[in-house]
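Engineer: Here the protein sequences line up with chains A and B, keeping their order. Per the working numbering, the very first residue in the first sequence carries number -17; after that it's consecutive. Per the working numbering, the very first residue in the second sequence carries number 107; after that it's consecutive. This is the structure I have questions about; it appears just below.
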Amino acid sequence: MTYLAKPLMHHPSLPRNSLGYTRRDYEGKISTLCAGCGHDSISAAIIQACWELAIEPHRVAKLSGIGCSSKTPDYLLGNSHGFNSVHGRMPSVATGANLANRDLIYLGISGDGDSASIGFGQFSHLMRRGVNMTYVVENNGVYGLTKGQFSATADSGSKSKYGGVNRDAPIDLASIAFQLGATYIARGFSGDKEQLVPLIMGALTHPGAALLDVVSPCVAFNNHLGSTKSYDYVREHNEALNRLDFITGRAPIEARYAPGETHEVDLHDGSRLRLVKLDAAYDPTDRVAAQRHLLARQRSGEVVTGLLFLDPEPEDLHRHLNTVATPLFALGEDELCPGAEALARINARLR
Amino acid sequence: MPEEPGASSRLIMKRLQAENDFVVKFANVNGSGSASANELFAKSILRMGVPVSPRNIFPSNIQGLPTWYEVRVSGAGHLGRRGGVDLMVAMNPQTWDKDVAEIEPGGYLFYDSSKPLPPSRFRDDIHVIGVPLTELTNARYDDARERQLLKNIVYLGALAAMMSIETTVVETLLAEQYSRKPQLLAANREAFHLGHGYARTHWADALGLKVRRADAIGERIFVDGNAAAALGCVYGGASVCAWYPITPSSSLAEAFQKYCAELRVDPASGAHRFAIVQAEDELASIGIVIGAGWNGARAFTATSGPGVSLMTEFIGLAYFAEIPATIINVQRGGPSTGMPTRTQQSDILACAYASHGDTKHPLLWPEDPHECFEFAAAALDLADRLQTPVFVMTDLDIGMNQRLTKPFHWDDARRYDRGKVMTTAMLESGRVFGRYLDVDGDGIPYRTYPGTHPTQGAFFTRGTSRNPYAVYSEAGPDYLYNMERLLRKFDTAKTLVPAPVMLDAAGGTRFGAIFFGSTSPAMREAVELLADDRCRLDTLRLRAFPFPDAVLEFIDAHEVVFVVEQNRDAQMRTLLINELGIDPGKLMSVLHYDGTPITARFIHREIGQKMRVLGMEPLYDRVVNDRRGA
């Protein structure tokens, strides 16, 4: 944490993406989170992913609820509109925003308290409606901003900093998202940026509800022995199912892997996802088998990461509602108001 | 011919006689199919050019509990409840005693005389008309459901015969209703004539209440407030609706769906120019509305008291972060689940000051379906102009009852007021953009829609305190600047909301009355009744909060002002005292809150008594009357 303002000077040799932007153009205000907080690493990964995808920063809408994680949208994409809403209610705000303007890219950033406790209902309903957005849960198992209470994702038997033991069963948002029909489900670790950045890129380009559960240790309140969300514990138990390469349409496809080791998915925008299988038995496009596999491995104490599920032909809320291609907010009187003549006909019917 | 119980006292009994001016109440069991027959009854009279105002009084239940349908017939055009019942159509044994007790002396009881009832179940000061409805129906129909449904049409036929309702009018209505179901049409017509024929034979002149063709409807339409408000949202440009089912507001969102399907489909692609989400709860409904409003779409939700309670945290956010939202509150009886199918005006304070911290919200009070349409559209404009949540405060009485009302009107030249939105061109012209900066002195800042410009105009929306440039700040002066500006904005709202409607009594008076919303038709009638008693009253119908200056001027111009409202705690009086600094002694409450719509007789009695008891008859009147007496 620092009180220093970010310097406006850019290093002249910073690389530029196809839009001519450097990574600095995707940054936001300086973080006020604790030094070493996993959330800051996730912010950096989001910045990297947006830069690599050459997204126009102002075409992203950032949404969050309340909590440490929900503060982070202010620390990235400074030229995007952000909305730090109400605790646990980001999903409904995101749903409404998305309905109003389908042309923006929606990035929701939430935490385990925000999404698994107070906002569990809204989280669920967003997933089942298929709102086209990237939903990042920065998952540390504790309430940081109120100083260390257990959250609903804390594993049963895990210890708090002050010695208490959690006896309640944990909520696994990724498993829930499977059941609710999310069409892109991934889990990452804030300490593995190489794995995380492509997962974010895949989520941002996915035209449906994408959940990214990122284990993100809380250095202040949940990084001790006995915690299952500490850096040490996750490093020891991290079992990656696959490594994801996100290949933009413009990039040449290199054959770095032997046939059979990879699983490639062409995306509608011309880009491609290439999965390097680390677990040969895992098929992330089979919703039922993937769930079973995931459950078994989690039962054995592994923190399973990677692309857990992908529906290559997702549907979203706009499709279900059959809305017009023009964003609703941009419709004017001509499209919205039926006019006096139609009203006269309605009056006549009511006599 | 069945003998009329209590016939011995008939010679000396009063007999109500009226033409186009009476109250009929139907006591039914819900789920028995009576609603459609009762509505046919009301519409038949309407089609004869005579104003009617029907009211459903129903339980929170689908089948088996008591339900009533009260029809006010008033050639003079009074559309409020009068009070009292001239003819009771008693079809529900569960409520028999209470229903019979409600009939005016000299009034009429119509009942199914298939099974004999002991004389103790009747009264000797009313006229009893028995028609063996079950017997007639069972003799003609075999199917149990058919028997149940058509029995209602049989009594409709009997009533039509006795009241001189034109047969051709009823037949036309039946033909319209069953235009696609010829078998049902035939069965209904037959049942109608079954009752009609029986009554003509047995009770030809039994009923002193008659309907006579008139021409008192004009171009008015017959519609419920929920449908009207939904249509107002369509015309007002709402493109996002999020809602959660709750009586009595559910039919509003459903009507919006219906009207959108008719009026808002792109003819070329068949795609929808609207999005409706039935949310998981009211928290999500308002969240969706706020998200859409933040992104520049016009959005609304329809709900009732309990829903507003759930929404209050979000409403505070929208107030403080300044996001447009339209909330239509179809009020019902509170607190808690209260009386979910009864009417009240009891959410005034809960809505005016909804949420924690210092908050105030504009409220609009429509008096009838016509104004539901107008105010729904106006609320969408106001929300965008003021960048804040705006409530349309209707209620069950207006929302769920069909009412004779002025036709809807729309001027095609009308443009939506999208408020102060800074565009790309404005940003690039070098104008300073501070999201919470009061550049015009009216307290209303400029906003940008997300995605407007690559490098300018982005800001972070939050419920936490911030400086005029939307940068997080807990500095006292920044907080004060913002809170004072919000007050200034509320002052601006006074000049934008619908003005009160004032009506002065002839000859002037020291007494005023303030009323609002669904009280309106009963109040108008009460003022006439009071005038007949030489009690003069100037009236002011409130249409919005914040109160325009004319409200204070009206109160200042009178010695005593009655505030008529439909809640226990005199919430509007409290709001007037609190917001305008009125001497509480000056505002006298007239409160009606048993869940039924207020009646003209109630207001007449309450205000009349207060004026007399407190010696408030104007001195001038007293002198003149004394002289006249002499």
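Positions of the beta carbon are idealized from the N, C-alpha and C atoms, including for glycine.
Taking the CB atoms as reference points, tell me whether A:G112 and A:T165 lie closer together than 8 Å.
Structural biologist: The residue given as residue 112 of chain A occupies position 130 in the first sequence. The residue given as residue 165 of chain A occupies position 183 in the first sequence. The answer is yes: Cβ separation under 8 Å.
Engineer: Could you tell me the alpha carbon to alpha carbon distance between B:I396 and A:D174, rounded to whole angstroms?
Structural biologist: On the second sequence, residue 396 of chain B is found 290 positions in, with the first residue counted as 1. On the first sequence, residue 174 of chain A is found 192 positions in, with the first residue counted as 1. Approximately 36 Å between the Cα atoms of the pair.
Engineer: State yes or no: is the beta carbon of B:E419 nearer than 8 Å to at least one beta carbon in chain A?
Structural biologist: Looking up residue 419 of chain B in the second sequence gives position 313. Cβ-Cβ to chain A under 8 Å: yes for B:E419.
Engineer: Where are the alpha helix (DSSP H) runs, 4 residues long or more, that stay fully inside the segment 180 to 241 of chain A, in chain order?
Structural biologist: With a minimum length of 4 residues, the continuous alpha helix (DSSP H) runs that stay inside the segment 180 to 241 of chain A are 213 to 219.
Engineer: Could I get the ranges of all uninterrupted alpha helix (DSSP H) runs contained in the segment 426 to 458 of chain B, with 4 residues as the minimum, in chain order?
Structural biologist: Counting only runs of 4 or more, we get 454 to 458.
Engineer: Going by beta carbon distance, what residues of the same chain come within less than 6 Å of A:G163, once the five residues before and after it are set aside?
Structural biologist: Locating residue 163 of chain A in the first sequence gives position 181, counting from the first residue. R110, listed in sequence order.
Engineer: Excluding the 5 residues flanking A:H(-7) on each side, which residues of the same chain have their C-beta closer than 6 Å to its C-beta?
Structural biologist: Along the first sequence, read from residue 1 onward, the residue named residue -7 of chain A stands at position 11. Nothing listed; no residue qualifies.
Engineer: Just to make sure I have the definition right: I need the residues of chain B whose C-beta is within less than 8 Å of the C-beta of A:V197. Which are they?
Structural biologist: Position 215 of the first sequence holds residue 197 of chain A. Ordered by position in chain B, no residue passes the 8 Å Cβ test against A:V197, which lies about 27 Å from the chain.
Engineer: Please check if any C-beta of chain B sits within less than 8 Å of the C-beta of A:L58.
Structural biologist: Counted from its first residue, the first sequence places residue 58 of chain A at position 76. By this cut-off, A:L58 is not an interface position.
Engineer: Output the distance between the C-alpha atoms of B:P703 and B:R630, rounded to the nearest integer angstrom.
Structural biologist: Numbered from 1 along the second sequence, position 597 holds the residue referred to as residue 703 of chain B. Numbered from 1 along the second sequence, position 524 holds the residue referred to as residue 630 of chain B. Their Cα atoms are separated by approximately 14 Å.
Engineer: Out of B:A336, B:L315, B:E419, point me to the one whose CA is closest to B:A484's CA.
Structural biologist: Looking up residue 484 of chain B in the second sequence gives position 378. If we check each option's Cα against that of B:A484, B:A336 comes out closest.
Engineer: For the segment 122 to 137 of chain B against the segment 190 to 199 of chain B, do three or more pairs of beta-carbon atoms, one drawn from each stretch, fall closer than 8 Å, so that the two count as touching?
Structural biologist: The segment 122 to 137 of chain B, when compared against the segment 190 to 199 of chain B, does touch it at the 8 Å Cβ threshold.
Engineer: In chain A, which residues lie with their C-beta within 7 Å of the C-beta of B:S345?
Structural biologist: For the purposes of this step, residue 345 of chain B is taken as residue 239 along the second sequence, with counting starting at 1. Near B:S345 (Cβ distances below 7 Å), the residues of chain A are L310, L313, L318.
Engineer: Starting from the beta carbon of A:F105, find every residue of chain B whose beta carbon is closer than 8 Å, and list them in chain order.
Structural biologist: By one-based count along the first sequence, residue 105 of chain A stands at place 123. Chain B residues near A:F105: none, gap ~11 Å exceeds 8 Å.
Engineer: Smallest Cα separation from B:F687: which of B:I327, B:L658, B:V670?
Structural biologist: Here residue 687 of chain B refers to the residue found at position 581 when the second sequence is read from its first residue. It should be pointed out that residue 687 of chain B corresponds to Gly in this sequence rather than to Phe. With distances taken between Cα atoms, B:G687 lies closest to B:L658.
Engineer: How long is the line joining the alpha carbons of A:V119 and A:Y57, rounded to whole angstroms?
Structural biologist: Against the first sequence, residue 119 of chain A aligns to sequence position 137. Against the first sequence, residue 57 of chain A aligns to sequence position 75. So the alpha carbons of these two residues sit roughly 16 Å apart.
Engineer: Quick check: the Cα distance between A:L289 and A:S0, rounded to an integer number of angstroms?
Structural biologist: Here residue 289 of chain A refers to the residue found at position 307 when the first sequence is read from its first residue. Here residue 0 of chain A refers to the residue found at position 18 when the first sequence is read from its first residue. Those two C-alpha atoms are separated by around 27 Å.
Engineer: Name the one or two DSSP bridge partners that A:H245 has.
Structural biologist: Residue mapping note: residue 245 of chain A aligns to position 263 of the first sequence, counting from 1. A:H245 pairs with A:L257.
Engineer: Looking at chain B, is there any beta carbon in it that lies within less than 8 Å of the beta carbon of A:H40?
Structural biologist: Position 58 of the first sequence holds residue 40 of chain A. Judged by the 8 Å Cβ criterion, A:H40 is in contact with chain B.
Engineer: Could you tell me whether the Cβ atoms of B:G505 and B:N258 are closer together than 8 Å?
Structural biologist: Translated into positions along the second sequence, residue 505 of chain B becomes position 399. Translated into positions along the second sequence, residue 258 of chain B becomes position 152. In this structure, B:N258 does not lie closer than 8 Å to B:G505 by Cβ.
Engineer: By the criterion of Cβ-Cβ separation under 8 Å, what are the contact partners of A:S13 in chain B?
Structural biologist: Taking the first residue of the first sequence as 1, we reach residue 13 of chain A at position 31. Those do not exist, as A:S13 stays about 13 Å from chain B at its closest Cβ, beyond 8 Å.
Engineer: Can you say whether A:I235 is buried or exposed, counting buried as having 16 or more other CB atoms within 10 angstroms of its CB?
Structural biologist: Here residue 235 of chain A corresponds to residue number 253 of the first sequence, with the count starting at 1. Because the pLDDT at A:I235 is just 49, under 50, the model does not fix this residue reliably, and the value given afterwards should be weighed accordingly. When all chains shown are included, A:I235 counts as exposed.
Engineer: With a threshold of 16 other CB atoms inside 10 Å of the CB of A:K44, please say whether the residue is buried or exposed.
Structural biologist: The count along the first sequence starts at 1 and reaches residue 44 of chain A at position 62. Flag for A:K44 reads buried.
Engineer: Where does the unbroken alpha helix (DSSP H) through B:M268 begin, and where does it stop?
Structural biologist: Position 162 of the second sequence holds residue 268 of chain B. 250 to 269 is the extent of the alpha helix (DSSP H) around B:M268.
Engineer: How about B:A427 and B:G569: are their beta carbons less than 8 Å apart?
Structural biologist: Counting from 1 along the second sequence, the entry for residue 427 of chain B is found at position 321. Counting from 1 along the second sequence, the entry for residue 569 of chain B is found at position 463. Cβ distance < 8 Å, so B:A427 and B:G569 count as in contact.
Engineer: For A:S212, return the contacting residues in chain B, with the cut-off set at a CB-CB distance below 7 Å.
Structural biologist: For the purposes of this step, residue 212 of chain A is identified with residue 230 of the first sequence, where counting begins at 1. What A:S212 touches in chain B: nothing, since even the nearest Cβ is about 30 Å away.
Engineer: Compute the Euclidean distance between the alpha carbons of B:G186 and B:T407, then round it to the nearest angstrom.
Structural biologist: In the second sequence, residue 186 of chain B corresponds to position 80, counting from 1. In the second sequence, residue 407 of chain B corresponds to position 301, counting from 1. Cα to Cα, B:G186 sits roughly 28 Å from B:T407.
Engineer: Can you list, in chain order, the residues of its chain with a C-beta nearer than 8 Å to that of A:L(-4)? Leave out the 5 residues immediately preceding and following it.
Structural biologist: Within the first sequence, residue -4 of chain A is the residue found at index 14, counting from 1. Hits under 8 Å: T4, R5, R6.
Engineer: Helix, strand or coil for B:S221? Go by DSSP, reduced to three states.
Structural biologist: Along the second sequence, read from residue 1 onward, the residue named residue 221 of chain B stands at position 115. Looking at the sequence itself, residue 221 of chain B is Lys, so the reference to Ser does not match. In the structure shown, B:K221 sits in coil (DSSP, three-state: anything other than H, G, I, E or B).
Engineer: With 8 Å set as the bound, which would you pick, yes or no: does the beta-carbon of A:V205 sit closer than that to a beta-carbon of chain B?
Structural biologist: As a working mapping, residue 205 of chain A is identified with position 223 in the first sequence. Note on residue identity: the sequence assigns Asn, not Val, to residue 205 of chain A. So no, A:N205 is outside the interface.
Engineer: Verify whether the separation of the beta carbon atoms of B:V667 and B:M678 is less than 8 Å.
Structural biologist: For the purposes of this step, residue 667 of chain B is identified with residue 561 of the second sequence, where counting begins at 1. For the purposes of this step, residue 678 of chain B is identified with residue 572 of the second sequence, where counting begins at 1. Taking 8 Å as the Cβ cut-off, B:V667 and B:M678 do not qualify as a contacting pair.
Engineer: Keeping to the same chain, check which residues put their C-beta closer than 7 Å to that of A:K11; ignore five residues upstream and five downstream.
Structural biologist: For the purposes of this step, residue 11 of chain A is taken as the residue at position 29 of the first sequence. Only D56, Y57, G60 meet the Cβ criterion.
Engineer: Taking the beta carbon of B:Q737 as the centre, do at least 16 other beta carbons fall within 10 Å, making it buried, or is it exposed?
Structural biologist: Examination of residue 737 of chain B is not possible in this model, given that chain B is present from 107 through 736 alone.
Engineer: Please classify B:G402: is it buried, with 16 or more other beta-carbons within 10 angstroms of its beta-carbon, or exposed?
Structural biologist: As a working note, residue 402 of chain B is residue 296 in the second sequence. With 16 or more Cβ atoms within 10 Å of its Cβ, B:G402 is classed as buried.
Engineer: Closest to B:S740 by C-alpha separation, out of B:N126, B:Y341, B:D503, B:T443, would be which residue?
Structural biologist: What the structure shows of chain B is the stretch from 107 to 736, and residue 740 of chain B is not part of that stretch, so it cannot be assessed.
Engineer: Does the beta carbon of B:V329 sit closer than 8 Å to a beta carbon anywhere in chain E?
Structural biologist: Looking at the structure shown, chain E is missing, and the protein chains on hand are A and B.
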